[in-house]
Each structure stands twice: as C-alpha cells, then as structure tokens.
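2 protein chains.
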Amino acid sequence: MVIVGAGFGGLFAARFLRHAPVEVTLVDRTNHHLFQPLLYQVATGILSAGQIAPPTRDVLKSQKNTTVELAEVTGIDVAARQVAVVRPDGRPLTLPYDSLIVGAGAGQSYFGHDEFAEFAPGMKTLDDALAQRERIFGAFEMAELEEDADRRQAWLTFVVVGGGPTGVEISGQIAELSRRALTDNFRRFDPAAEVKVLLFEGGKEILATFGDRLSEKGTKALQKTGVEVHTGSIVAGVDADGVDVKGPDGTVTRYPAKTKIWAAGVSASPLAKILADGSGAECDRAGRIKVKPDCSLAGHPEVFAVGDMMNLNDLPGVAEVAMQTGIHAARTIRRRLNGEEPQPFKYRDLGSMAAVSRRRAIVSFHGVRVSGFLGWLMWLFVHLAFMTGFKNRFKTLISWSLSFLGRGRTERALTRHVG
Amino acid sequence: MVIVGAGFGGLFAARFLRHAPVEVTLVDRTNHHLFQPLLYQVATGILSAGQIAPPTRDVLKSQKNTTVELAEVTGIDVAARQVAVVRPDGRPLTLPYDSLIVGAGAGQSYFGHDEFAEFAPGMKTLDDALAQRERIFGAFEMAELEEDADRRQAWLTFVVVGGGPTGVEISGQIAELSRRALTDNFRRFDPAAEVKVLLFEGGKEILATFGDRLSEKGTKALQKTGVEVHTGSIVAGVDADGVDVKGPDGTVTRYPAKTKIWAAGVSASPLAKILADGSGAECDRAGRIKVKPDCSLAGHPEVFAVGDMMNLNDLPGVAEVAMQTGIHAARTIRRRLNGEEPQPFKYRDLGSMAAVSRRRAIVSFHGVRVSGFLGWLMWLFVHLAFMTGFKNRFKTLISWSLSFLGRGRTERALTRHVG
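Protein chains in written order, with the working numbering: chain A, 1 to 419; chain B, 1001 to 1419.
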C-alpha cells in the first residue's frame, strides 16, 4: 500500500500499520516529518529547524515493512490504482497500490489575491519558517541602518494577517522578541519602545473558535504583550511598503510596514482536486475533498483522504484531526484485511489551545476553558507529548527553558543576504 | 576606532576595549560571531546553526561604547584613515578611524585550481556548512534512489581533501554518521557496510603539525572509525563524478565519488592585499600580510592586522592566534592612549587539538601529547570554554551528550532540493 505525506496524518497511519501484514511505501517531497504547530517558534528564533523536523526515515527506521520514498507526487490514477511521482533526480516513477492513504495537507490561501504572497508570505513549510526568520531578524538590522524616522518605523512595524492560533502565536512572539529578547541589541532605536506589532482579523474577534470568554482573555493577554489587535479589519491591499486595511466602519487606512506575515487562510493540497476529479467526489470552497464517514472516497473504498486536505463534517484543520483520521484510515485497512466492515470515523476532541505569549496560553477542552499560566503548562505538556522522538522533546524543553524563563533566542544567525 | 571582522580576532579586540575611553565600530558582513572550529559539526548534523553563531550585537549588547555595523568592507584607505563599506541595502558608507584593527580571516584556497570549487566546496562560513549538510545527507537520499550499483557506490563515497584538523574531523564524523547515526534508515543499502570515506593528504602524514607519534595515533583512530587514509596523494582533478589522485608512486587513480569536501588550504581575505597595497607591506604566498612585531603595519602604527589574514613569525591560522593577536592589538591601542610604548606580540601556545572520532581526540600541549578519551575530554572542555555565551555552551553540551553518548544527529532536516 502507499501513503502520501509524512505529516501527522500519513506518519501516524504508517506507525499504526507497523505490525500489519502489509508493505507500506510512504512518499513525501521533504525528508522530514514537520511539527507544523511550532513553525512560528522556528521563525522567531526559539527552536532550530531540526528540533521540529525529524527525518521520516529515522522515525520509521525500525519499522521493517515500511519504505520511505523521497519524491513529489504528480498524479494519482484511482482507476488504475497507481501514484505517479517524480524523484529528486528528475526520474518519474509509478507506485502501484492496493490501498492508498493521502494526507497531503494544505497550503496558504490568499482568497483570490495571490499577488499578496510576494509581500506577505505564509508559513506552512520549514523553508517558509526559515525565510520568515530571516525577514523578521533582517527587519531589525535594516531599521538599525535607517536614518529616516518614518522609514525606520516601517521596518519596525510587523503586520500579521489572521487572528487564528497561528496569527496570535507569531504576533505574540514578535512582541516578546522586541520587548525582551532584543533589549540593548541596537544603538539607533529601542526595540521595546518602537516596535509595533499589528494583528488584523476580518471577523469580530480573534481566536473565535475558542468562544467569547477565551477570545477576550486571549486579546487582553496579547495586548499586554504589546500587540495591537484590530478586529473587523480586512486587508485589502499589500505591497512592499505596507498594507491597506478596511476597518469596521468601511474606511480604508494605510499602515506602513515592511514585514507582513500571512496567517489568514488555507487551501487544500492540489492532490485533493486530482482525487476528486478521478473519483467523482466534490471539493469544498477551501479545496478540501469531501469523504465518506470512514474517510474513504465514494466508489473507492481502497482510497482514503485524511487531515487538512479533506472535509468530513467540517472538522477543523488541526494536527489532532490529521492524526486521528490517519489512524482511522489505517485501522480500516487492517479491519478489511481481517474481513471486518469499515466503521465511521469518530472525532475525539482533545480540545484546542494557543500560546498567546510567554507563560500564557488559552485552552478549550470539553467545555473547560483555561487561560494564563496553567493553560501554558497544559500547552507545554501537550506539545511535548505529541512531538516525535525523545531527543527532540528533550532539546525543545531545554530551548523553552532558556527562552521562556530567560530571555534568549539562540537561533538568530542570518545566513542569506539581509534586505 | 574601527574593527573589521567579528571573528575571534575582532570580537576579542572589541571585548578587551569595553572599558577603554574609545568609541568602537565593529563591522562584519554577517550578523554573527562564528565559532569556525565547530563548523564541521553543523555540516554533519550535530549542532544547529545558532549554536555556533551567536549574534554579534547580542554578545556586545551591554558594551555601551561599541556599535555593530552590518556591512561589507569594500576598501581601506590607510592614507586618509577611512574604511569604505556597503550596507545590506546597497548604500555605501565611509567610516573614518583613528585606530583600525582588521581581522577579516581567510577563505578556501584551491592552489590555482579554482575550477575545483564547484565540485569540492570548502567550509569557511555558516552558509558553507549548511550547504555541506544538504550535500552530505542528500547523498544518502540519492543513493537510496539509485538502482545501479556503481552509481550508488559513487553516492556513498565521500572524498575529503586535506589531512589537517578540519579534514580529519569532518571525515571522522561522516564515518561515524554512516557507522552509527544512520543505522537502519535505508532500505536499499546498509550505510555501515557500504559507505566509503576517503581522506587524501598530499604530505607524508596527516595532522603533521602534531608530530609523528600523535599523527600515527590519529591515523589509527581515524581508520578504526572507518576512514581510508591516503597520504602522499595529490588531488589532480575534480569533477561532478569523482576525483583523480596522483599517488606516492606517481600513478593517477580515478575514484568515483559524488560528494567532495575541500579542506586543503587557505588564502587570506582580499583585505590583506588592499592593506598591503596601501601601506607598502608585503603579502606571503597565502596572501597574508606581513606585520610588525606588535601586529601593526610598517609606517602605520595605528593600523593592525590580526588572525588568519596576517603573517607574524609564520604563526598558524588557528582561533588561538586570532584571539591573542586581536587582544594584543587592542591592548596596544590602550597603551598608546596612556602614553605607553607598544610591546611586541608574544604567542602563548595553548596547544592544538583535533577530535578524530567520537570520544577520541589528540592533543599537543607544550610537549605533552595526549590521545584517546582523555584527549577528547580536554577537547570538550576547551571548546566549551571558548564558546561565546552560557546558553550556547549549555545547548552544545546537551547536543554532544545526545550525539556522542547516544547515536543521534538531530539537525538533519533538508530544506533545499536534494540532488
């Protein structure tokens, strides 16, 4: 059988099948399993790339029935039951399958404004996060060079678009950075006094999925950290020097800002449409393929779509859904091998959480809503628990101790040219 | 005053002047102080970039008399006493000085064969080390794709040119990697059995500066780790698919190898020649500027050249010389401010060391020669001691514990395209 994607969906499916009587080929275009929820910590210099991206081969090394194939999927022929891939050396290859699990994730969506991408990149891959790191720390370097006060302020203004967990976490960390980690680093400006972090959210509140009470607590914590929160604000234009934002009253305001980060929307992997076209299934507005209750495709009980790229009861695009649907698809395959009937997927909601600032997080879990330091400890525990590999857990705990108890960001070396 | 370069020479000069009644401008084209002796550990996935490259601004943040300028030096006019730089935004700037310390280091030298550089890059900057990391781990990925046995063997053959400490350390670590860290990671080959690491040294022994006895011990330890040591072997040709090596008997042998690393020679920064042309001083064959006994230039007691780019009594190009000459130049400037005469530089030889393999190093110190585990403990202690910043020391110790007591390499995420 073939699994496409080494994210939470694909990796957990592969691990579930470690003792099953199947030959598994796991295909991914990168060599690593990426812990996406912590990408923002790579972007803000807390964690190194390797800490959130263990090599897939290494994670699965003792699983003898599994081969990891580094290749990019270019097509899936559900009628002929084969996956077309291109390897890094350019050679095409066809992987036949009896069962297929596709967990190819989602990319950034600009809601029809793809021209924003150049100036407000998103953060979905390790490369994205490393590029954001260069942009964020590079902006401080550029500010230090700038004699003109207005132009310097534009370098010291950071715009984050989107008030979901990712937008909240990255804006909180940029504020923490300027208020604490970069103290005394510059001679021509004071980061704590001059940096502005602006968070724009189109809806009426940030962290809307957490409910009003936590949303309000999150907003207050974020403001205390130094983030200006603008709700009911649609980003209508983005260029090299700033953003144009349509406020709740309909007027458009210009905010000069050199660094913009897009965290406002996702769009499913193009493989969702390829699967839909091949099987006659439908895609929703976010490009996610609609699946049957057991995560398989209509008319193709041997093909499963899992995680961010599929739509089942409008479940959210979070790691927890990807893991559970990946495991469910794998379990269904094993049941079929045993001659058992498939069962519908049931989501066990383990709650959601967002780390708003240093030592403060909000957590929503079965109606229990926790915020502040206790929430942060829960956030810490859960993220360590779902991290892959003892060594990465241990090193991450050390990095967090140094960054959150102390002040430092150790991953600040710029490698590309600034500017 | 101006200091050019944030390496061991420049940084230690700046720190020495922290209480001196001078305004210091430290210019570097990168944002970090690089711990060059550990670059090979970044290349082989043991350490992250940030662990050996703390931001220069952060190191000097509490030193109020010092400004760090991110810029590339394009010229030095010793007659007019000014340094010409270009900032990352492209704007030129002129920095006048009363005193100047230049510690711009050295790059790789190919002894007139610059065409080798494309296929056998060196390892002098953080970018170099990260690119080597992609090449080394990428080669294993390419081997896993290759069905042809000969072509696979070429991907699994690593050539290191140059038997000095850097060449020995990187070849030892690649061998460790294949023998221990990558066990069970691949399905189409066994790294421990099939990887070849070839070290070519033109002279009659590797680690020649350590003396015959340690050189022999180092050779044996390296061979035990799995490195083939070829002495008296001149690399006469390098291309995409391998190297041509002229052996001690004069015959040329072809070694197919996809990954080649150059660690064979250094050439001083072009600033050495610019200083020489301006002051009438001479450069030696390696491009190093000859300086007076106090490290200043003849006729220009206000200009000092320190570290790898200068030649004083043919001192070796090691971190220890750079630190001590940097401090000496800074001390001479302070003495002059106090109306005291300059003194000649005296090198305190703290010995030299090379980590041959996991838990084995050779150390030469005032005629005392140590090898094996005790040598490795000394290596460990000295490297931690000279590392900048408590946090980097602490994290590095953790990484070493995990990599040298355990088996892991946590920094293996490939970000660019493999191949």
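For glycine and all other residues, C-beta sits at the position ideal for the given N, C-alpha and C.
Please state if the CB of residue j and the CB of residue i are separated by a distance shorter than 7 Å.
i: residue 1259 of chain B; j: residue 1336 of chain B; result: no
i: residue 272 of chain A; j: residue 288 of chain A; result: yes
i: residue 216 of chain A; j: residue 163 of chain A; result: no
i: residue 279 of chain A; j: residue 299 of chain A; result: yes
i: residue 103 of chain A; j: residue 351 of chain A; result: no
i: residue 1138 of chain B; j: residue 1179 of chain B; result: no
i: residue 1195 of chain B; j: residue 1156 of chain B; result: yes
i: residue 1049 of chain B; j: residue 413 of chain A; result: yes
i: residue 76 of chain A; j: residue 3 of chain A; result: no
i: residue 172 of chain A; j: residue 368 of chain A; result: no
i: residue 1045 of chain B; j: residue 1320 of chain B; result: no
i: residue 1063 of chain B; j: residue 1392 of chain B; result: no
i: residue 56 of chain A; j: residue 19 of chain A; result: no
i: residue 317 of chain A; j: residue 266 of chain A; result: yes
i: residue 96 of chain A; j: residue 82 of chain A; result: yes
i: residue 439 of chain A; j: residue 231 of chain A; result: Residue 439 of chain A cannot be examined here, being either before or after the span of chain A that is shown, 1 to 419.
Within the continuous beta strand (DSSP E) that includes residue i, where are the two ends?
i: residue 1197 of chain B; result: 1196 to 1200
i: residue 1237 of chain B; result: 1234 to 1239
i: residue 106 of chain A; result: 106 to 108
i: residue 1027 of chain B; result: 1024 to 1028
i: residue 1100 of chain B; result: 1100 to 1102
i: residue 33 of chain A; result: Here residue 33 of chain A belongs to no beta strand (DSSP E), and DSSP marks it neither H nor E.
i: residue 228 of chain A; result: 227 to 230
Which of the three DSSP states is assigned to residue i in this structure?
i: residue 1419 of chain B; result: Model confidence at residue 1419 of chain B stands at a pLDDT of 38, short of 50, so the residue's coordinates are unreliable and nothing is read from them.
i: residue 1157 of chain B; result: strand
i: residue 309 of chain A; result: helix
i: residue 424 of chain A; result: What is shown of chain A runs 1 to 419, which leaves residue 424 of chain A out entirely.
i: residue 190 of chain A; result: coil
i: residue 1127 of chain B; result: helix
i: residue 1003 of chain B; result: strand
i: residue 361 of chain A; result: strand
i: residue 151 of chain A; result: helix
i: residue 1218 of chain B; result: helix
i: residue 10 of chain A; result: helix
i: residue 340 of chain A; result: coil
i: residue 1213 of chain B; result: helix
i: residue 1203 of chain B; result: coil
i: residue 18 of chain A; result: coil
i: residue 1242 of chain B; result: strand
Following the continuous alpha helix (DSSP H) through residue i, name the residue where it begins and the one where it ends.
i: residue 1337 of chain B; result: 1319 to 1337
i: residue 1373 of chain B; result: 1372 to 1386
i: residue 1169 of chain B; result: 1165 to 1176
i: residue 1409 of chain B; result: Counting along the chain, residue 1409 of chain B falls outside any alpha helix (DSSP H), and DSSP gives it neither H nor E.
i: residue 1393 of chain B; result: 1390 to 1400
Within 6 Å: the Cβ of residue i and any heavy atom of the ligand GDP?
i: residue 313 of chain A; result: The ligand GDP is not part of the structure shown, which contains no ligands of any sort.
Cβ closer than 7 Å: which chain C residues qualify as neighbours of residue i?
i: residue 402 of chain A; result: Protein chains A and B are contained in the structure displayed, whereas chain C is not.
*Taking the runs of the beta strand (DSSP E) that are 3 residues or longer, which of them lie wholly in the segment 1244 to 1305 of chain B?*
Within the segment 1244 to 1305 of chain B, the complete beta strand (DSSP E) runs of at least 3 residues are 1252 to 1256, 1259 to 1262, 1266 to 1268, 1300 to 1305.
*Continuous alpha helix (DSSP H) assignments of at least 4 residues falling wholly in the segment 38 to 95 of chain A*: Those alpha helix (DSSP H) runs which fall completely within the segment 38 to 95 of chain A and span 4+ residues are 39 to 43, 56 to 59.
*Residues in the segment 1151 to 1163 of chain B with C-beta within 8 Å of chain A's C-beta atoms, listed in sequence order?*
Under the 8 Å Cβ criterion, the segment 1151 to 1163 of chain B contributes no residue.
*Using a beta-carbon distance cut-off of less than 9 Å, what residues from the segment 1072 to 1088 of chain B approach chain A?*
Of all residues in the segment 1072 to 1088 of chain B, only 1087, 1088 come within less than 9 Å of chain A when Cβ atoms are compared, listed by chain position.
*Closer than 7 Å, Cβ to Cβ, to anything on chain A: give me those residues from the segment 1124 to 1142 of chain B, in chain order.*
Residues passing the 7 Å Cβ filter: 1126, 1127, 1130, 1141, 1142.
*Relative to chain A, which residues along the segment 1032 to 1044 of chain B have a C-beta separation below 7 Å, given in chain order?*
The segment 1032 to 1044 of chain B vs chain A, Cβ under 7 Å: 1032.
*Select from the segment 172 to 192 of chain A all residues with a C-beta closer than 9 Å to any C-beta belonging to chain B, and list them in chain order.*
Going along the segment 172 to 192 of chain A in chain order, one finds 181, 182, 183, 184, 185, 186, 187, 188 with a Cβ nearer than 9 Å to chain B.
*Check distances from the C-beta atoms of the segment 1097 to 1128 of chain B to those of chain A and list, in chain order, the residues that come in under 9 Å.*
Hits within the stretch, in order: 1125, 1126, 1127.
_Against chain A, which members of the segment 1058 to 1072 of chain B pass a CB distance test of less than 7 Å?_
Using a CB distance below 7 Å, the part of the segment 1058 to 1072 of chain B facing chain A consists of 1058, 1061, 1062, 1067, 1070, ordered along the chain.
*Closer than 9 Å, Cβ to any Cβ of chain A: which residues of the segment 1312 to 1342 of chain B, in chain order?*
Answer set for the segment 1312 to 1342 of chain B: empty.
*Can you list, in chain order, the residues of the segment 270 to 293 of chain A whose Cβ is nearer than 7 Å to any Cβ on chain B?*
Listed in sequence order: no entries.
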